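Reviewing the structure listed below.
Protein chains: 2
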Amino acid sequence: MDQTLSHTEENYLKALTHLTILDQNSLGVGTNDLAHNLGLKPATVNDMLKKLKEKKLVNYQKYGKITLTENGRKSGVEIIRKHRLWETFLCEKLEFSWDEVHEVAEQLEHIRSGKLVNRLDRFLDYPKFDPHGDPIPNEKGEIEFRQRKLLSELKVGDTCSLMAVKDNDPDFLKYVDKLGLSIGAAIEVMGIENYDNSMQILVNNSQFNISEKVAENLYVS
Amino acid sequence: MDQTLSHTEENYLKALTHLTILDQNSLGVGTNDLAHNLGLKPATVNDMLKKLKEKKLVNYQKYGKITLTENGRKSGVEIIRKHRLWETFLCEKLEFSWDEVHEVAEQLEHIRSGKLVNRLDRFLDYPKFDPHGDPIPNEKGEIEFRQRKLLSELKVGDTCSLMAVKDNDPDFLKYVDKLGLSIGAAIEVMGIENYDNSMQILVNNSQFNISEKVAENLYVS
DNA sequence: TATAAAAGTTAGGCAAGTCTAACAATTATT
DNA sequence: AATAATTGTTAGACTTGCCTAACTTTTATA
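Same order as they appear, the protein sequences are chains A and B. Residues in the first sequence are numbered consecutively from 86, following our numbering. Residues in the second sequence are numbered consecutively from 86, following our numbering.
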C-alpha cells in the first residue's frame, strides 16, 4: 500500500498540504499557485500532477483545482511532522538558532525510516510545537489547530502574545529576534500609522515601530 | 573552491575512500572494483569517473588505476565522518541497535550543513569510534588507524578482544549479538577445525563454533 | 608468445525532473 | 457579450544517472 515517494514527490505533497490544509483562507489551489510555491514553472508542475494523480495522491481534472487524496494528505502531513521535529531537535539539542533550522530541516525531512521519526519524537519528549510556534502533527497525522490572528489585524490598545511566525525567512527571524520577540512574548499595540499601516508596539518595556509587512507575518494570541 | 557534490558523487567518493584509504591491503582499484562496491555496472562507473576527473576529485587515466586527489579524499573522509557520527547518534541517543543504523546513516550522511556535523560531534561529546568500532575522522579529516587483526588470523590458545566488525550486514550483526559479542568483549580461541577453518571460541564463559566467514569479519585486539 | 579471460570503454537508450515556447481554456473587464 | 488577461496545457528539448550490447585493451595462461 505504502508506495515509496521520491524527494520531489514529497515536496509537492508537502507544498499542497501547506496550501490546501494549513493555510486556512485558501480558495482552491491551481497549477500556478503550486508552481510559485515550489519555485518551479507551471509546465513542470503540470507534468508532476499527472503522475501524482496516477498514483492516487491528488485529485485533479484538467483546468480544475487541486486537492489531496487521503493518502496524499497522510504523506504530506508526515513530511511536515518530520520537518518540525527535526527543527525542534536542531534548536533544542544542537543549539541552532531559529533562523538556521529551516534549510537543514528541508533536507532532514526526507530521511526514510520507520523508526527514526518516532524515536526522535520520544527523544524530544513529544513536543507540541516547533521553534517557530507551529504545531507538530502527531504520529496519527492529527494537527492541533489553534485560534490565532495576525498582529496586523489588531487595533490600538490591544494586547496579545506571540504564537508563531508566518514567514521562515532567516532575515525576518533575525529581525524578530532583534526586537526581543520570542514565542510567547507579550505585545501591546501602542499605535498604528494611517499612512503606511506601520505599528508601534511595546515589547519588554521597549517600544518599536514595525512595518505592515512584519505585522502580517506574526501570529498572535 | 568547494563545489557542491550530488549524493551520487558523494557515494562514489565514499566508496573510493573505503577502497583506497581505509582498506589497507588494496592493490589498486579499477572500474570493476568500484562498480562492484557500489552495486552498479562498470559502464556507469566509467562515465562518472570522467566527470569526477573533470572536477579534479580523482586521478584517472584510461585503463589505469583510480586514486583520489586531495580534494576527493577530503570529501570522501567527510562523508565517512558524517556517516559514523550519525550512527553513533542513532545508537546512543535514539536507542537504535547496531544492525539498524547503517541504512539510516546512508541517508543522513548526505545532509549538507556547515554547522550540523560539528554540532552533532559536540553533542555526542566527540566520540572516537562508531557503534561498529570504526574510528570517526575528526574535523580536520584525520583518522586514527589502530593495529588490528582478523579473528581468523589467530591461532589456538590466542586471546583477544573485539575491536570492530568488518561487515555491516544486519543479519551478521544480529548473529554477533546473539553470540554475546559486543565491542570490547574478550575472546579466546579454543580450537580451529582443519576441515573448514571453523573456530571454537570462548566468550563470557560460553563456547561457540563460528564459521570462517564470521571469523573473517571480526577485527580483534 | 599466442590466445583466452578479464577488465575497461564506447555508443545508444531510458526515466525522472526540469525548462522554453507555443497554444488552449477559463476568468475578468470593458 | 466580446475581448483582454490570466491560467493551464502540450510539445520538444536538456541533464543526470543509470542500463545493455558491442567492442577494445590489458593481463593471465597454456
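No residue lacks a Cβ here, since even glycine has one placed at the ideal position from N, Cα and C. This one's a predicted model, so the numbers in the text were calculated from it and none came from an experiment.
(1) With a threshold of 8 angstroms on Cβ separation, who are the neighbours of Tyr304 of chain A within its own chain once the five nearest residues in sequence on each side are excluded?
(2) Is there contact between the segment 219-230 of chain A and the segment 179-191 of chain A, where contact requires at least three CB pairs shorter than 8 angstroms?
(3) Chain A partners of Phe208 of chain B, CB-CB under 8 angstroms?
(4) For the segment 158-174 of chain B, which residues have a beta carbon sitting closer than 8 angstroms to at least one beta carbon of chain A?
(5) Which bits of chain A does Ile196 of chain B rub up against, with CB to CB less than 9 angstroms?
(6) Which residues in chain B have a C-beta closer than 7 angstroms to the C-beta of Leu205 of chain A? List them in chain order.
(7) Output the distance between the C-alpha atoms of Gly113 of chain B and Gly124 of chain B, rounded to the nearest integer angstrom.
(8) Lys99 of chain A versus chain B: which residues are under 9 angstroms apart at the beta carbon?
(9) For the beta strand (DSSP E) holding Tyr304 of chain A, just list the boundary residues, first then last.
(10) Which ranges would you report for the alpha helix (DSSP H) in the segment 241-297 of chain B if only whole runs of at least 4 residues count?
(11) Assign Ile228 of chain B to one of three DSSP states: helix, strand, or coil.
(12) Using a Cβ cut-off of 8 angstroms (strictly closer), state whether Leu201 of chain A contacts chain B.
(13) Can you name, in chain order, every residue of its own chain whose Cβ lies under 6 angstroms from the Cβ of Val130 of chain A, other than the five neighbours on each side?
(14) Taking CB distances under 8 angstroms as the criterion, tell me whether Glu301 of chain B reaches chain A.
(15) Answer yes or no: do Leu239 of chain A and Val274 of chain A have a C-beta to C-beta separation smaller than 8 angstroms?
(16) So which residues on chain A does Asp229 of chain B lean against when the C-beta distance must stay under 9 angstroms?
(17) Buried or exposed, going by whether 16 or more other CB atoms sit within 10 Å of the CB of Asn253 of chain B?
(18) Work out the CA separation of Asn203 of chain B and Ile57 of chain B for me, nearest whole Å.
(19) Alpha carbon to alpha carbon, what distance is there between Leu264 of chain B and His195 of chain A?
(20) For Thr93 of chain A, which of helix, strand or coil comes out of DSSP?
(21) Arg158 of chain A lies in the alpha helix (DSSP H); which residues open and close that run?
(22) What are the boundary residues of the alpha helix (DSSP H) that Glu191 of chain B is part of?
(23) Give me whichever residues DSSP pairs with Val202 of chain B in a beta bridge.
(24) Verify whether the separation of the beta carbon atoms of Leu107 of chain A and Ile164 of chain A is less than 8 angstroms.
(25) Using the three-state DSSP reduction, which class does Met86 of chain B fall into: helix, strand or coil?
(26) What are the boundary residues of the alpha helix (DSSP H) that includes Thr105 of chain A?
(27) Can you tell me the Cα-Cα spacing of Lys138 of chain A and Thr93 of chain A, whole angstroms?
(28) Measure the CB-CB distance between Leu179 of chain B and Thr102 of chain B and report whether it falls below 8 angstroms.
(29) What would DSSP say about Pro212 of chain A, mapped onto helix, strand or coil?
(30) What first and last residue would you give for the alpha helix (DSSP H) that runs through Asp219 of chain A?
(31) Go through the segment 109-151 of chain B residue by residue and report every complete run of the alpha helix (DSSP H) that reaches 4 residues or more, in order.
(32) Can you find the residues in the same chain that come closer than 7 angstroms, C-beta to C-beta, to Glu301 of chain B, ignoring five residues on each side of it along the sequence?
(33) Let me confirm a value: Glu172 of chain A is counted as buried when at least 16 other C-beta atoms fall within 10 Å, else exposed. Which label applies?
(34) For Asp85 of chain A, tell me which candidate among A:Phe230, A:Val241, A:Arg207 and A:Cys176 has the shortest Cα-Cα distance.
(35) Just tell me which of A:Pro212, A:Tyr211, A:Gln285 and A:Lys200 has its CA closest to the CA of Thr244 of chain A.
(36) With a 10 Å radius around its C-beta and 16 neighbouring C-beta atoms as the bar for buried, classify Asn96 of chain B as buried or exposed.
Based on what the coordinates show:
(1) Gly218, Arg233, Lys234, Leu235, Leu236, Leu247, Met248, Ala249, Val250 and Lys251
(2) no
(3) Ordered by position in chain A, the residues that pass the 8 angstroms Cβ test against Phe208 of chain B are Lys178 and Leu179.
(4) none
(5) Within chain A, the residues whose beta carbon sits less than 9 angstroms from that of Ile196 of chain B are Val189, Gln192, Leu193 and Ile196, listed in sequence order.
(6) Leu179
(7) 19 angstroms
(8) What Lys99 of chain A touches in chain B: nothing, since even the nearest Cβ is about 17 angstroms away.
(9) Leu303 to Val305
(10) 255-263
(11) coil
(12) yes
(13) Thr116, Leu119 and Ala120
(14) no
(15) yes
(16) Note that residue 229 of chain B corresponds to Glu in the displayed sequence, not to Asp. Simply none; closest approach about 25 angstroms.
(17) buried
(18) An answer regarding residue 57 of chain B cannot be provided, because it is not within the stretch 86 to 306 covered by chain B.
(19) 36 angstroms
(20) helix
(21) In this chain, the alpha helix (DSSP H) harbouring Arg158 of chain A covers Glu155 to Glu177.
(22) Val186 to Leu193
(23) Bridge partners of Val202 of chain B: none, in fact.
(24) no
(25) Because the pLDDT of Met86 of chain B is 49, which lies under 50, any placement of that residue in the model is unreliable, and the number read from its coordinates should be weighed accordingly. Judged by DSSP in its simplified three-state form, Met86 of chain B adopts coil rather than helix or strand.
(26) Thr105 of chain A -> no alpha helix (DSSP H), and no H or E assigned at all.
(27) 15 angstroms
(28) no
(29) coil
(30) The continuous stretches of alpha helix (DSSP H) do not include Asp219 of chain A, and DSSP gives it neither H nor E.
(31) 116-123 and 127-139
(32) Counting only Cβ-Cβ distances below 7 angstroms, and skipping sequence neighbours, we find Leu235 and Ser237.
(33) Of the residues assessed, Glu172 of chain A falls on the buried side of the cut-off, its CB having 16 or more other CB atoms within 10 angstroms.
(34) Past the boundaries of the shown model lies residue 85 of chain A; chain A is included only from 86 to 306, so the question cannot be answered.
(35) A:Gln285
(36) buried
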